[in-house]
Amino acid sequence: MADPAIELINIDKSFGAVRANKSINLRVDKGTIHGIVGENGAGKSTLMSIIYGFYQADAGEIRVGGRKVSISDPNVAISSGIGMVHQHFMLVDNFTVIENVMLGAEQSPLLAAGIQRVRDELKRLEREHNLEVDPDAVVEELPVGLQQRVEILKALYRGADILILDEPTGVLTPAEADHLFEVLKQLRAEGKTIILITHKLREIMAITDAVSVMRRGEIVATVKTAETNAGALAELMVGRRVLLHVDKGPAEPGAVKLKVEHLSVRDARRVKMVDDVSFEVRAGEIVGIAGVAGNGQSELLEALSGIRRAEAGSVRLLDREIDPIKGADPGALRAMGLAHVPEDRHHMGLVLPFSESENAILGYHRDADLGRGVFLDPAAVRRRAAREIEDFDIRPPDCRLKTSNFSGGNQQKIVLAREMERDPEVLLIGQPTRGVDVGAIEFIHRRIVAMRDAGKAILLVSVELDEIRSLSDRILVMFAGRIVGERGPETSENELGLLMAGVTSQEAAE
Amino acid sequence: MSRPYVKLPAWIEYGLIPIANVAVAFIVAGLVVLLVGESPVEAAKLMLYGAFGYGGGIAFTLYYTTNFILTGLSVAVAFHGGLFNIGSEGQAYIGGLGCALVALNLDTVLPWWVNFPLAVIASFVFGAAWAFIPGWLQARRGSHVVITTIMFNFIASALMVYLLVGMLKPMGSMAPETRTFQAGGQLPKLDWLFTLFGSSLGGAPLNVSFFLALLAAFLVWVLIWRTRLGYEIRTLGFSPSAARYAGMSQTKVVVITMMISGGLAGLMALNPVMGDQARVQIDFPAGAGFVGIAVALMGRGHPAGIIPAALLFGMLYQGGAELAFDMPNISRDMIVIIQGLVILFAGAMENMLRPGIGAAFQFVRFRPSKDVQAEEPR
Ligand SMILES: Nc1ncnc2c1ncn2[C@@H]1O[C@H](COP(=O)(O)OP(=O)(O)OP(=O)(O)O)[C@@H](O)[C@H]1O
Ligand SMILES: [Mg+2]
Numbered sequence: 001m002a003d004p005a006i007e008l009i010n011i012d013k014s015f016g017a018v019r020a021n022k023s024i025n026l027r028v029d030k031g032t033i034h035g036i037v038g039e040n041g042a043g044k045s046t047l048m049s050i051i052y053g054f055y056q057a058d059a060g061e062i063r064v065g066g067r068k069v070s071i072s073d074p075n076v077a078i079s080s081g082i083g084m085v086h087q088h089f090m091l092v093d094n095f096t097v098i099e100n101v102m103l104g105a106e107q108s109p110l111l112a113a114g115i116q117r118v119r120d121e122l123k124r125l126e127r128e129h130n131l132e133v134d135p136d137a138v139v140e141e142l143p144v145g146l147q148q149r150v151e152i153l154k155a156l157y158r159g160a161d162i163l164i165l166d167e168p169t170g171v172l173t174p175a176e177a178d179h180l181f182e183v184l185k186q187l188r189a190e191g192k193t194i195i196l197i198t199h200k201l202r203e204i205m206a207i208t209d210a211v212s213v214m215r216r217g218e219i220v221a222t223v224k225t226a227e228t229n230a231g232a233l234a235e236l237m238v239g240r241r242v243l244l245h246v247d248k249g250p251a252e253p254g255a256v257k258l259k260v261e262h263l264s265v266r267d268a269r270r271v272k273m274v275d276d277v278s279f280e281v282r283a284g285e286i287v288g289i290a291g292v293a294g295n296g297q298s299e300l301l302e303a304l305s306g307i308r309r310a311e312a313g314s315v316r317l318l319d320r321e322i323d324p325i326k327g328a329d330p331g332a333l334r335a336m337g338l339a340h341v342p343e344d345r346h347h348m349g350l351v352l353p354f355s356e357s358e359n360a361i362l363g364y365h366r367d368a369d370l371g372r373g374v375f376l377d378p379a380a381v382r383r384r385a386a387r388e389i390e391d392f393d394i395r396p397p398d399c400r401l402k403t404s405n406f407s408g409g410n411q412q413k414i415v416l417a418r419e420m421e422r423d424p425e426v427l428l429i430g431q432p433t434r435g436v437d438v439g440a441i442e443f444i445h446r447r448i449v450a451m452r453d454a455g456k457a458i459l460l461v462s463v464e465l466d467e468i469r470s471l472s473d474r475i476l477v478m479f480a481g482r483i484v485g486e487r488g489p490e491t492s493e494n495e496l497g498l499l500m501a502g503v504t505s506q507e508a509a510e
Numbered sequence: 511m512s513r514p515y516v517k518l519p520a521w522i523e524y525g526l527i528p529i530a531n532v533a534v535a536f537i538v539a540g541l542v543v544l545l546v547g548e549s550p551v552e553a554a555k556l557m558l559y560g561a562f563g564y565g566g567g568i569a570f571t572l573y574y575t576t577n578f579i580l581t582g583l584s585v586a587v588a589f590h591g592g593l594f595n596i597g598s599e600g601q602a603y604i605g606g607l608g609c610a611l612v613a614l615n616l617d618t619v620l621p622w623w624v625n626f627p628l629a630v631i632a633s634f635v636f637g638a639a640w641a642f643i644p645g646w647l648q649a650r651r652g653s654h655v656v657i658t659t660i661m662f663n664f665i666a667s668a669l670m671v672y673l674l675v676g677m678l679k680p681m682g683s684m685a686p687e688t689r690t691f692q693a694g695g696q697l698p699k700l701d702w703l704f705t706l707f708g709s710s711l712g713g714a715p716l717n718v719s720f721f722l723a724l725l726a727a728f729l730v731w732v733l734i735w736r737t738r739l740g741y742e743i744r745t746l747g748f749s750p751s752a753a754r755y756a757g758m759s760q761t762k763v764v765v766i767t768m769m770i771s772g773g774l775a776g777l778m779a780l781n782p783v784m785g786d787q788a789r790v791q792i793d794f795p796a797g798a799g800f801v802g803i804a805v806a807l808m809g810r811g812h813p814a815g816i817i818p819a820a821l822l823f824g825m826l827y828q829g830g831a832e833l834a835f836d837m838p839n840i841s842r843d844m845i846v847i848i849q850g851l852v853i854l855f856a857g858a859m860e861n862m863l864r865p866g867i868g869a870a871f872q873f874v875r876f877r878p879s880k881d882v883q884a885e886e887p888r
């Protein structure tokens, strides 16, 4: 048996009444990729935060390379050879790549000497690990995939032997994810140890050597990847059988609820992100927009929901003309029956310092039943929040808890619950299952299909091709701001992938 | 990537830590007193006695407290909306014009209890109007309120000098101030309250605007935590993009928030103008607007914190004045140093003691923890 790179013995951690980790025992062998899966709120991020020194365990022991260490803060973790790539990046946006890598590891009061050293070292790391990135690029101008690469470089620069990645592929395009896995495999070949948290069982099956399943704070199983399969893992996670595909009947499209004609949108830098787009969504159908992230889907959703002004075009919502150029008021659109699950829950969908109940009314805070006149009634707000928590099984079921203290997947459910509970006529929905566990994905997909069957019009944007293909009744492919093709749900992944990459319709069909 | 602070129970967070901060400030201040050759213990005694030792002292302390509650609320409201209003000083100054408008015109016509509410409205409106321009510039033009409100303090000051040596000055007077208001323009003092306790005001100017300040504190709490507008203000303060998503008009919320903030500052004018001097004088806010920034920070933007913080600064003002009077080596400037130290330790460096106290708390309290919560790593 290989040597353990890291061992956790009887780790316990509670937050108030919530026991996030219960006597966790975990052993990760050197030079392997170890996957960790589990439901939202199972305690995965908490466990990794303990390894990385963000939190202290209430009890238990951590051994790195056979030696007991007490990781009191991230600096100790780094000097023990542990590196972490967080679910939400920890980069300084307006610093260059070099500056980010150096941050906290400057080594001398004058920067110039350090910069040269970092530059040389980065060159070497890039060459060895196939991790190219322009060292002088400003981080905020890099696509997410590259930003993540900077995080990895940062960890390697600090001499990490054990690399922890918390849901690294949630924000990546399929191609970026593939590249990441190549990098991880190469790191493994060099003897590094990798702990990978993900909700995508496909990724677990594709790349890990062993996998541990967490449920309600406990590790319920650790198995060799070769000896299991996705269905079995899902069952272990949720404790019941999970449908990994969507169960839905044929669509019965009705009247047109949303009609978009010749819509064009520019972003803040005046780049044309949506270019002369026309389509319609009917009652009782799900229209999916497939596309690599950054091809205008976000801007399209924002223009339709009134957050962003369009440059040209017209939009009809439920037989009413709305003016996308002057910019419709998102509040008025909501009142008309439009709901919007934004792609970016942290910047738009939620106010993280608010309590859960305060987020449960974001955008609906003017509803008549939430108070009288200018006043908000806290009891009424909590009642609504409690209903949504119950309906969407948000955990922990405490509407007074600060939103940032919910696990990633449960935060997503807070947004979904808020937008879907209002029973809108038209639902715009961006990345509905980003960071959500398989059990919850099944649940969310079922809710979306149920809304369709109830005669609602749904526009779905997702970078997950699987999701698009299994939910949509019609698929529009977006590339460089244009709709480059319309396909049925039975279209092969390959063909859609080619369309998304900008290959013309005819070529793709061949 | 520092370690997140441990979330502490409320009594430590809102009780022990602020008190410890203030204690450190006073210890350092004590060293300064020692340096100029006076006894810190003696000085502390004099200061406390001056502020709380007798009826008149208490009344003076509360008089200053009134000013600081109102300016503290003014800064806090803007702060909740993510706006740093440095202009409470100028807004209070202009608020004085509102008072003057009512008092000069109606003081011989109507009784004080009619003029008081009118003056409340007028000073609020004038303060709000003065804050409207920076608010509008911020919302529509992106001009930062920190810069514009500072500039507006200077403009307010110049404008008031111009008016007070010109239009507002009675004929034949040499002093740059308005005429003295008659009985209808003077707010009643709170003698009755003090005689109730067998004490006396001793000539201190404490007046009914004290109750106005307490009422304002309550209303600000209602506004921020119990109204739809307050919800919008807080959303905007935390996340402008979420506010946009939720359909809140950034322009509207910014402008309204600034106007409420300015109006609260404007109310402060009632206390010195109609409550004390019965006229508008040059520079009557005397820095209260700036103290309001410290008060709002110390009070964490919550009325329940702003009132005690304002009381602390009221005590420093009144006790400090007595101290400067009684101890020859301690000048007024020394008092300003002490105030500065309090602001430094309780405002700017308020996180200095927290890690230590947090660690001590964990050490005493634990293992395994039941109540300890921590912030999620960001
Ligand atoms: N700082 C905190 N205060 C209170 N509760 C917390 C805190 N951090 C986490 N929790 C709770 O601990 C539990 C575990 O959360 P954790 O973030 O580890 O879940 P996770 O497995 O990473 O979930 P996800 O897949 O959704 O990211 C959750 O119930 C969460 O609400
Ligand atoms: Mg997590």
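Chains as they are written, first to last, in our numbering: chain G, 1 to 510; chain E, 511 to 888.
All C-beta atoms in this analysis are idealised placements derived from N, C-alpha and C, irrespective of residue type, glycine included.
It should be emphasised that the depicted structure is a prediction, and the values quoted were computed from it without experimental measurement.
Starting from residue i, trace the alpha helix (DSSP H) both ways and give me its first and last residue.
| i | result |
| --- | --- |
| Ile414(G) | Gly408 to Glu421 |
| Met670(E) | Val655 to Val675 |
| Leu706(E) | Asp701 to Leu706 |
| Leu593(E) | Run containing Leu593(E): none; DSSP gives neither H nor E here. |
| Gly540(E) | Ile527 to Leu545 |
On the DSSP bridge list, what partners appear for residue i?
| i | result |
| --- | --- |
| Thr222(G) | Ser212(G) |
| Met340(G) | Looking at the sequence provided, one finds His at residue 340(G) rather than Met. Bridge partners of His340(G): Leu428(G). |
| Glu285(G) | Ala457(G) |
| Pro4(G) | Asp29(G) |
| His34(G) | Ile195(G) and Ala210(G) |
| Glu687(E) | Gln791(E) |
For ligand 1, is there a heavy atom less than 6 Å away from the beta-carbon of residue i?
| i | result |
| --- | --- |
| Ala42(G) | yes |
| Thr46(G) | yes |
| Pro168(G) | no |
| Gly239(G) | no |
| Ile15(G) | Checking the displayed sequence, the identity of residue 15(G) turns out to be Phe instead of Ile. Phe15(G) Cβ: within cutoff of ligand 1. |
| Ala20(G) | yes |
| Asn405(G) | yes |
| Gly521(G) | The question about residue 521(G) has no answer here: the residues shown for chain G are numbered 1 through 510. |
| Pro396(G) | yes |
I want to verify the contact list: residues of chain E whose CB lies under 7 Å from the CB of residue i, in sequence order.
| i | result |
| --- | --- |
| Met348(G) | Ser751, Ala752 and Tyr755 |
| Ile307(G) | Arg754 and Tyr755 |
| Leu376(G) | Arg736, Thr737, Arg738 and Tyr741 |
I want to verify the contact list: residues of chain G whose CB lies under 9 Å from the CB of residue i, in sequence order.
| i | result |
| --- | --- |
| Ala774(E) | The amino acid at residue 774(E) is misidentified as Ala; the sequence shows Leu. Under the 9 Å cutoff, chain G gives no residues; its nearest Cβ is about 18 Å from Leu774(E). |
| Phe748(E) | Val351, Leu352, Pro353 and Phe354 |
Find the residues of chain E that neighbour residue i, judging by a C-beta separation of less than 9 Å, and give them in chain order.
| i | result |
| --- | --- |
| His365(G) | Arg738, Tyr741, Glu742, Thr745, Ala756 and Met758 |
| Asp323(G) | Those do not exist, as Asp323(G) stays about 15 Å from chain E at its closest Cβ, beyond 9 Å. |
| Leu330(G) | What sits at residue 330(G) in the sequence shown is Pro, not Leu. Within 9 Å Cβ-Cβ: Arg754, Tyr755, Ala756, Gly757 and Met758. |
Which chain E residues sit within Cβ distance under 8 Å of residue i?
| i | result |
| --- | --- |
| Val362(G) | Reading off the sequence shown, one finds Leu at residue 362(G), where the question assumed Val. Per Cβ cutoff of 8 Å: Thr745, Ala752, Tyr755 and Ala756. |
Between which two residues does the beta strand (DSSP E) containing residue i stretch?
| i | result |
| --- | --- |
| Met84(G) | Ile82 to Val85 |
| Met478(G) | Arg474 to Phe479 |
| Val69(G) | Arg67 to Val69 |
| His262(G) | Val256 to Arg266 |
When you measure from the CB of residue i to every non-hydrogen atom of ligand 2, does any distance come out below 6 Å?
| i | result |
| --- | --- |
| Gly38(G) | no |
| Gly408(G) | yes |
Would you check whether ligand 4 has a heavy atom nearer than 6 Å to the C-beta of residue i?
| i | result |
| --- | --- |
| Pro838(E) | What this structure holds is ligand 1 and ligand 2, not ligand 4. |
Segment contact, 8 Å Cβ cut-off, at least three pairs: the stretch 73–87 of chain G with the stretch 152–163 of chain G: Yes, since at least three Cβ pairs between the stretch 73–87 of chain G and the stretch 152–163 of chain G fall closer than 8 Å, the two stretches touch.
Given 8 Å, three or more beta-carbon pairs between the stretch 250–260 of chain G and the stretch 228–241 of chain G: The stretch 250–260 of chain G makes no contact with the stretch 228–241 of chain G; the number of CB pairs closer than 8 Å stays below 3.
The stretch 684–692 of chain E touching the stretch 789–802 of chain E, judged by at least three CB pairs closer than 8 Å: Yes, they touch.
Meets three-Cβ-pair contact criterion under 8 Å: the stretch 267–280 of chain G and the stretch 399–411 of chain G: The answer is no - the stretch 399–411 of chain G does not touch the stretch 267–280 of chain G, with fewer than three Cβ pairs under 8 Å.
Given 8 Å, three or more beta-carbon pairs between the stretch 316–333 of chain G and the stretch 287–300 of chain G: Judged by Cβ distances under 8 Å, the stretch 316–333 of chain G makes no contact with the stretch 287–300 of chain G, as fewer than three pairs qualify.
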